[in-house]
Amino acid sequence: MNQRQRFIRKIVYACVIAAMLLPLSWLSQPETTESKGGVLAQMRSEHQLSQAQLGEIDPASETIKLATLGMRGVAANILWTKANNYKKTEDWAGYSAALEQIAKLQPNVVSVWIFLGWNLTHNVSVEFDDYRDRYYWVIKGIKYRQEGTKYNRDSPRLLSDIGWTIAQKIGRADEHVQFRRLFREDDDFNGSRPLAQRDNWLVGREWLLTAEQVAARGVAVRGERPVLFYSHPVMCLVNYSEDLEEEGTFGEVAKNAWKKAADAWSELANRDLPTLSNVFIRLSEKEQYDEKSAQAQAQLARLTPAGLREKLVEEKKASLSESEREAYEADPSQRTKEHDSLMYLVNDKMAISHLEVASRITGSDHAAALKAAEEATNADFMSNLINIERDIVYYDYWRLRCQIEPEDDTLEARKLIYEGNQAYNAAQLVKSKELYVEGLQKWRKVLDAHPALLKDASMTDPLVESINNYRSVLHQLDETFPGPFVLQDVLDADVAFHGPRLPISQDSSAADGTPAEAAGKPAP
Amino acid sequence: MVRETDPPLFSQWLWPSVLYFLEAAAILGLLTVVLSFLVAAFRYGPVAAGDVTYQAVRTSLRDLFSLSPRRISALAWLAVQESLRRRVLVGFAVFLLILLFAGWFLDANSNDPATLYLSFVLTATTWLVLLMALFLSALSLPADIKNHTIYTIVTKPVRLGEIVLGRILGFAVIGTLMLGIMGLFSYIFVARVLNHTHEVDVASLKNVPNDSSGSRAGRTTLAQNHRHQVTLDAKGNGSTDIAQGHYHNVTASTDGDKVTYDVGPPQDLLTARVPEFATALRFKDRSGKGGDRGISVGNEWKYRSYIEGATLAAAIFTFSDITPERYPNGLPIEMTIRVFRSYKGDVEKGILGSLVLKNPKTGRASQIETFRAKDFYIDHRDIPRTLTDPTGKTIDLFDDLVADGQLEIELQCLDDSQYFGVAKPDIYLRARDASFTMNFAKSYLAIWVQMLLVTGFGVMFSTFLSGAVAMMATLATIVMGFFKQFVVDVAQGAVQGGGPIESFVRIVKKQNVTTQMEPGLSTDVIQAGDRVFMWFMTHVTGLLPDFRQFDNVDYVAHGFDIPPDVVLVQVFTALGYIAAVFAIGYLFLRTREVAR
Chain U
647 MNQRQRFIRK IVYACVIAAM LLPLSWLSQP ETTESKGGVL AQMRSEHQLS QAQLGEIDPA
707 SETIKLATLG MRGVAANILW TKANNYKKTE DWAGYSAALE QIAKLQPNVV SVWIFLGWNL
767 THNVSVEFDD YRDRYYWVIK GIKYRQEGTK YNRDSPRLLS DIGWTIAQKI GRADEHVQFR
827 RLFREDDDFN GSRPLAQRDN WLVGREWLLT AEQVAARGVA VRGERPVLFY SHPVMCLVNY
887 SEDLEEEGTF GEVAKNAWKK AADAWSELAN RDLPTLSNVF IRLSEKEQYD EKSAQAQAQL
947 ARLTPAGLRE KLVEEKKASL SESEREAYEA DPSQRTKEHD SLMYLVNDKM AISHLEVASR
1007 ITGSDHAAAL KAAEEATNAD FMSNLINIER DIVYYDYWRL RCQIEPEDDT LEARKLIYEG
1067 NQAYNAAQLV KSKELYVEGL QKWRKVLDAH PALLKDASMT DPLVESINNY RSVLHQLDET
1127 FPGPFVLQDV LDADVAFHGP RLPISQDSSA ADGTPAEAAG KPAP
Chain P
196 MVRETDPPLF SQWLWPSVLY FLEAAAILGL LTVVLSFLVA AFRYGPVAAG DVTYQAVRTS
256 LRDLFSLSPR RISALAWLAV QESLRRRVLV GFAVFLLILL FAGWFLDANS NDPATLYLSF
316 VLTATTWLVL LMALFLSALS LPADIKNHTI YTIVTKPVRL GEIVLGRILG FAVIGTLMLG
376 IMGLFSYIFV ARVLNHTHEV DVASLKNVPN DSSGSRAGRT TLAQNHRHQV TLDAKGNGST
436 DIAQGHYHNV TASTDGDKVT YDVGPPQDLL TARVPEFATA LRFKDRSGKG GDRGISVGNE
496 WKYRSYIEGA TLAAAIFTFS DITPERYPNG LPIEMTIRVF RSYKGDVEKG ILGSLVLKNP
556 KTGRASQIET FRAKDFYIDH RDIPRTLTDP TGKTIDLFDD LVADGQLEIE LQCLDDSQYF
616 GVAKPDIYLR ARDASFTMNF AKSYLAIWVQ MLLVTGFGVM FSTFLSGAVA MMATLATIVM
676 GFFKQFVVDV AQGAVQGGGP IESFVRIVKK QNVTTQMEPG LSTDVIQAGD RVFMWFMTHV
736 TGLLPDFRQF DNVDYVAHGF DIPPDVVLVQ VFTALGYIAA VFAIGYLFLR TREVAR
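Chains as they are written, first to last, in our numbering: chain U, 647 to 1170; chain P, 196 to 791.
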């Protein structure tokens, strides 16, 4: 190759390089104050993916990412494997160091912060026997996730997860009594927060509300049903109120706490919530839709000629297969298993929709009937949708609780039972008996006013526990459990929920009869 | 500290290893001679081949046995100068940079910062020094040959063996120098980062309930992301609890009405315990029947086994060489006991356990000593010389409970349906504390040994391979050395997912490692290929040093003295390999045209 050829070759290379730089510049020109930058910069801006938009720019994280020389995925994999091994061999210092490195390598992957934070709060903490060590790891897991918010400040999921963990892990763990106490005493975590506000439910709620604020700015809530996402801060207030009473705080403080919870439920009930059906609903509007449906159905019924529904039934029956018809016509008490399984299909086939009825109405009423049918169908659809969302958050029960708990009778009843339990634990039998009797009488009054409370085991369970304490007190005082018991319906409801319970002890059952007997049911 | 296997005793290791080394050297030497003969026979015919081989062996032996220390040191000095010319100090600058910014990458809230920081500096140093040794050793000789600068040496009256040894020594000197400076900086870094103190938060001090002695409890201020609970006696002296693996002593001084509390430096943070581990551990099951292991509580890691509470189940540790001379003040026991609760119980209290000291011959036992287990903490207990037996009679530790220097310590869990988990190293006697600085130096000695090995292999490969290839070969030696056990496990089928070919097929097919390969011809072919490949790999790795054997990080990081036996085994192993790679390097260099 002579010198001229070499020169030409170099010129060609330079031209090719220059030609390749043009599309590169078009693609990756950086954003400046005067220019929107290249295609990639614009896409980053549009989808809010630039590092500055996601969160803080951490030099440590950027350095470690650069130091892996494009092998970030491999490095992350190695670190995950190491972390798993550290966890297996109970090397917690190594484990938490590996987690820090993983977070530095993958700072904008929200699920990494959530998953590893969960590991610390829920899986590592329980490896320790001392509850103080457990608390340390719970807080470490929470702080780990808080660190994640620096890199992902607009992630409702991460913010909500932090709030949920502070609230639920500290407030619902087996060691929740100790955890809540340590949380109140934790100056390092709470900083300058006043002592009265150092409650895990309230602090958790702050984070959950921050998540809500981010979602209100239009950031999608992913990974959780909206109704659940918005119900967490409300339930924090409910749980806060419950724990206040469980720890012996009653009076105005508890009353206000419950009222605040009731207000929060009302607010949630009137919030526009997206659903899986791409329709926004409000939890409070179910009754309105039910009313609307009833009116439309009544209008449809007025327009329906006599015998049309029966005719439709006959037609549908005729379309059933022989086995389906046999199942349909069988006496419900005589149906076999095959019949029962067939009936799921048969019921669907035999259902007569409003529109089916309306479409068979002819003449001048046809249009009005179709309109009424459509209205009823739409209202039923919305009512059903709201009902599903309500069931998910146990709306009816908690609304009712929040209404009745701030009432003076309920507060008094709870206080008396609490004091009765305290006296019982302190072996003050006579005093505890008096407090129980008075408290149970108060409960009678509350339940008479709100019988719907008996529909839920979470209401009756603590009451039954107190009744059992009362039974035990009577036994120790050589007294018999009263024949027509003042809260017999509570015991009945308990048996319905859980089945007959085992006797508290052989002695007490012999003397007083088991709860099952008291409830008039056969003993197991 | 976790010790899954007992380290070798130097005295038991040495002679079998020397014999093995000599055996291997003899076989390799014989093979070399036979191969040389065959090559020569192919080139010059069988008669001339005998003469050529004889001459080669004679020259080689003469070369090897008439090495001149003066010439070697001169060549070593050349290697040092060359290293400096190649800006080897950049490696040191990188190390300083890493130390400067280490705080960015390390968990400031670690529950065990000493372990974290020590592991970090030792690991960072190891990798940096090994990389430096790799680059220096593998690229030097090929570059000299390529640039013909080697002629300035081979034309001088030097022997080929001296060239190889000079290079190894020269690079080792540079590595040693670097390592020494790195060690010094690392030590200063760790000591400075971990050194801290607190103040007693006077407002937090409150009288201890149900204590008439005037003791008070409170807490310290926050320092280095932690604080301690502190318990003081009536005079204001006391100590803190253990947090982040250390505690502090507190002393009070009075100036008029004003009491000042002085919190001392961290204790047990940078330490080098010299433990006397049990020589044996046996278990008794719930009915009192003996066995090698306790029960499993379902952990994936089988290191510890468990004993059931409130039954006859026990873990019995046998200690040897227990003499009044070694333990004049009684036995300082330290134990790390894992707790497994099968039900919540009283979370405010630890699980109750007991220790009984027993004479292994007579069965005479001490009165039980109860304790609350401290899960994941090292619990220190001092057993006095004078004890009582179960009847209340006074007994002497050494006269009544030790037989032929042996003593048994029986551990039991006392809470019903709760469990204690132990392994043999979990209860030991803290015979004494060695110097942490010396221990730190010993850990650097292990890194030095690794550096020497990499240098040796790098120079050896560079005698017959080009620079890049020699570097790759040395790198492969390091990687395979670190994963030696893994290769053996793959070959023996102890690792799920099969050999390399099967693994590749599984990746392509996105098939889980736990699912069986579909039976058939293709699977048979894949697995047969893997067997051949793994046979080769196992034998190659068998020849390479196990680099994990030189890892002393765990000892230093967890505050345990590196046993002298471990250090001696490491050094002698490295010397054996250096002798081998020197001989191989010399022989290969002889085959190079440049050397004639």
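From the three backbone atoms N, C-alpha and C, an ideal C-beta is built for every residue, glycine too.
Keep in mind that this is a model prediction, so the values were computed, not measured.
Using a Cβ-Cβ distance under 8 Å, would residue i count as near chain P?
| i | result |
| --- | --- |
| Tyr-797(U) | no |
| Lys-711(U) | no |
| Tyr-732(U) | no |
| Ala-706(U) | yes |
| Trp-738(U) | yes |
| Gln-824(U) | yes |
| Ala-743(U) | yes |
| Tyr-876(U) | no |
If you drop the 5 nearest sequence neighbours on each side, which residues of the same chain put their C-beta closer than 7 Å to that of residue i?
| i | result |
| --- | --- |
| Asp-1107(U) | none |
| Asp-800(U) | Val-860 and Val-865 |
| Asp-1026(U) | Ser-939 |
| Ala-280(P) | Inspection of the sequence shows that residue 280(P) is occupied by Arg rather than by Ala. Within the same chain, Arg-280(P) has no close Cβ partners at all. |
| Pro-676(U) | Gly-683 and Ala-687 |
| Thr-950(U) | Val-1003 and Ile-1007 |
| Ser-877(U) | Leu-914 and Val-1039 |
What does the Cβ neighbour count give for residue i, buried or exposed, with the cut at 16 atoms within 10 Å?
| i | result |
| --- | --- |
| Tyr-990(U) | exposed |
| Phe-829(U) | buried |
| Pro-264(P) | exposed |
| Gly-737(P) | exposed |
| Ile-340(P) | buried |
| Arg-1060(U) | buried |
| Ser-381(P) | buried |
| Val-1119(U) | buried |
| Ala-1162(U) | Per-residue confidence for Ala-1162(U) stands at a pLDDT of 36, beneath the threshold of 50, marking its modelled position as unreliable; the derived number appears in the next sentence. So Ala-1162(U) counts as buried. |
So, helix, strand or coil for residue i, using DSSP?
| i | result |
| --- | --- |
| Arg-955(U) | helix |
| Glu-471(P) | strand |
| Asp-684(P) | helix |
| Pro-613(P) | Inspection of the sequence shows that residue 613(P) is occupied by Gln rather than by Pro. Residue state, collapsed to three classes: strand. |
| Ser-410(P) | coil |
| Thr-200(P) | coil |
| Tyr-538(P) | coil |
| Asp-574(P) | strand |
| Trp-272(P) | helix |
I want to see whether chain U comes within less than 8 Å of residue i, judged by CB atoms only; does it?
| i | result |
| --- | --- |
| Lys-539(P) | yes |
| Phe-330(P) | no |
| Trp-730(P) | no |
| Gly-356(P) | no |
| Phe-472(P) | no |
| Ala-568(P) | yes |
| Asp-302(P) | yes |
| Ile-546(P) | yes |
| Asn-306(P) | yes |
Could one say the Cβ of residue i lies closer than 8 Å to chain A's Cβ atoms, at least one of them?
| i | result |
| --- | --- |
| Glu-746(U) | Protein chains in the displayed structure are U and P, and chain A is not among them. |
Within the same chain, show all residues whose beta-carbon is closer than 6 Å to that of residue i, passing over the 5 residues directly before and after it, in chain order.
| i | result |
| --- | --- |
| Trp-208(P) | Val-764 |
| Ser-661(P) | Pro-337 |
| Phe-825(U) | Tyr-781, Ile-816 and Ala-819 |
To which residues of the same chain is residue i closer than 8 Å at the C-beta, ignoring the five residues directly before and after it?
| i | result |
| --- | --- |
| His-822(U) | Ile-816 |
| Thr-786(P) | Phe-659 |
**OP:** Note down, one range per segment and in chain order, each alpha helix (DSSP H) of at least 4 residues found wholly within the region 912–982 of chain U.
**Re:** 932–949, 954–965 and 968–975
Subject >> Complete beta strand (DSSP E) runs within the region 376–432 of chain P (minimum length 3 residues, chain order) >> reply: 395–402, 411–415 and 424–427
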